[in-house]
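Enquirer: Residues in the sequence shown are numbered from 1 upward in steps of one, following our numbering. Positions of the beta carbon are idealized from the N, C-alpha and C atoms, including for glycine. Can you keep this structure in mind? I'll have questions shortly.
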Amino acid sequence: MPATTPSGMPDTDPGQDLLRLLADRPDVAHDLDLVADFDITRRDPVENLSIPAGLPLTVIAGDASGGSYYLVGDEPAARRPVLYADSEGGASLIAADLAEAVAIFIALAWWRDATGGTDLAELEAEIRENEPDIDELRDRLLAATGVPAISPEQARELLLAAAARTAPDFVPIADFDGASPYELLFTPSAQA
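Given below as structure tokens:
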């Protein structure tokens, strides 16, 4: 049995297996896009980015608003963090790896709105109003991906823990002269 982290996630990079699953199973990719606006067919970032840590960024998906999801680091790394950069110049690490990101997406579909002060019950009610089949979608995604089910509270804790690791090494900057670093999506005050 592979080693796991305290959150129950595997302590190896599951990213490539999950990406293959999403590529091979359009139904699963579609469900994940419905739940979390994570579209593996959108792999054209608004701009080329780099991070101070000097690690490579690999675009793995995009969202409807022009944001991009990246795996950070080289493929052989044990766990590759997931960085999200929106089209308005905001960015954050959102998970320790892709499996954790998928677990967060399933538990907390509107993760961008899940700052520390957000009432998760109200957020869940809004999700259910907009997507009445959310439970069925979640069940299918959990079964297909094999990620552990986590609560919205656990998802927020994982999300904000990843976000807290963004600065200074993972704050992206566009690849052109005079570009400013992206703004943090989750500031320390938003995590309280």
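Report, in whole angstroms, the separation of the C-beta atoms of residue 152 and residue 108, which I expect to be a contact under 8 Å.
Expert: Within the sequence shown, residue 152 is the residue found at index 152, counting from 1. Within the sequence shown, residue 108 is the residue found at index 108, counting from 1. The pair is a contact, with the Cβ atoms about 5 Å apart (cut-off 8 Å).
Enquirer: Is residue 55 helix, strand or coil by DSSP?
Expert: Reading the sequence shown from its first residue, position 55 is the one you call residue 55. In the structure shown, residue 55 sits in coil (DSSP, three-state: anything other than H, G, I, E or B).
Enquirer: In terms of alpha-carbon separation, which member of 130, 177, 174 and 167 lies closest to residue 34?
Expert: Position 34 of the sequence shown holds residue 34. Closest option to residue 34, Cα to Cα, is 130.
Enquirer: Taking the beta carbon of residue 3 as the centre, do at least 16 other beta carbons fall within 10 Å, making it buried, or is it exposed?
Expert: Residue mapping note: residue 3 aligns to position 3 of the sequence shown, counting from 1. Caution is warranted here: a pLDDT of 49 is assigned to residue 3, below 50, making its placement in the model unreliable, and the coordinate value is therefore given only provisionally. It counts as exposed.
Enquirer: Tell me which residues share the same chain as residue 87 and place their Cβ nearer than 7 Å to its Cβ, disregarding the 5 neighbours each side in the sequence.
Expert: For this step, residue 87 is matched to residue 87 along the sequence shown. 46, 65, 66 and 67.
Enquirer: Return the CA-CA distance between residue 164 and residue 126, expressed in angstroms with no decimal places.
Expert: Counting from one through the sequence shown, the residue named residue 164 turns up at place 164. Counting from one through the sequence shown, the residue named residue 126 turns up at place 126. Going from the Cα of residue 164 to the Cα of residue 126 covers about 26 Å.
Enquirer: Tell me whether residue 136 is buried or exposed, calling it buried when 16 or more other Cβ atoms sit within 10 Å of its Cβ.
Expert: Translated into positions along the sequence shown, residue 136 becomes position 136. Classification of residue 136: exposed, given that the 10 Å Cβ count is below 16.
Enquirer: Helix, strand or coil for residue 44? Go by DSSP, reduced to three states.
Expert: Looking up residue 44 in the sequence shown gives position 44. Note: residue 44 maps to coil in three-state DSSP.
Enquirer: Output yes or no for whether 7 Å exceeds the beta carbon distance between residue 31 and residue 141.
Expert: Indexing the sequence shown from 1 puts residue 31 at position 31. Indexing the sequence shown from 1 puts residue 141 at position 141. In contact: residue 31 and residue 141 (Cβ atoms closer than 7 Å).
Enquirer: Can you pull the DSSP bridge partners for residue 132?
Expert: The count along the sequence shown starts at 1 and reaches residue 132 at position 132. Looking at the DSSP assignment, residue 132 forms no beta bridge with any residue, so it has no partner.
Enquirer: Is the segment 42-57 touching the segment 165-174 in the sense that three or more CB pairs, one from each, lie closer than 8 Å?
Expert: Verdict: yes, contact present.
Enquirer: Go ahead and label residue 36 buried or exposed: buried means 16 or more other beta carbons lie within 10 angstroms of its beta carbon, across all protein chains shown.
Expert: Numbered from its first residue, the sequence shown carries residue 36 at position 36. Buried.
Enquirer: Can you tell which of 91, 148 and 74 has its C-alpha closest to the C-alpha of residue 200?
Expert: Since the first residue of the chain shown is 1 and the last is 192, residue 200 is not available in this structure.
Enquirer: By the DSSP assignment, the beta strand (DSSP E) with residue 117 in it spans what residues?
Expert: Here residue 117 refers to the residue found at position 117 when the sequence shown is read from its first residue. Per DSSP, residue 117 belongs to no beta strand (DSSP E) and is neither H nor E.
Enquirer: Spatial neighbours of residue 20 within its chain, please: C-beta separation below 6 Å, excluding the five flanking residues on both sides.
Expert: Numbered from 1 along the sequence shown, position 20 holds the residue referred to as residue 20. Cβ neighbours of residue 20 beyond the five flanking positions: none.
Enquirer: What residues match up with residue 92 in a beta bridge as DSSP calls it?
Expert: Walking along the sequence shown from the start, residue 92 turns up at place 92. The partner list for residue 92 (beta bridge, DSSP) reads 84.
Enquirer: According to DSSP, is residue 171 part of a helix, a strand, or is it coil?
Expert: In the sequence shown, the residue the question calls residue 171 occupies position 171. Here residue 171 sits in coil by DSSP.
Enquirer: If you check the beta carbons only, do residue 70 and residue 57 fall under 7 Å apart?
Expert: Counting from 1 along the sequence shown, the entry for residue 70 is found at position 70. Counting from 1 along the sequence shown, the entry for residue 57 is found at position 57. Cβ atoms of residue 70 and residue 57: closer than 7 Å.
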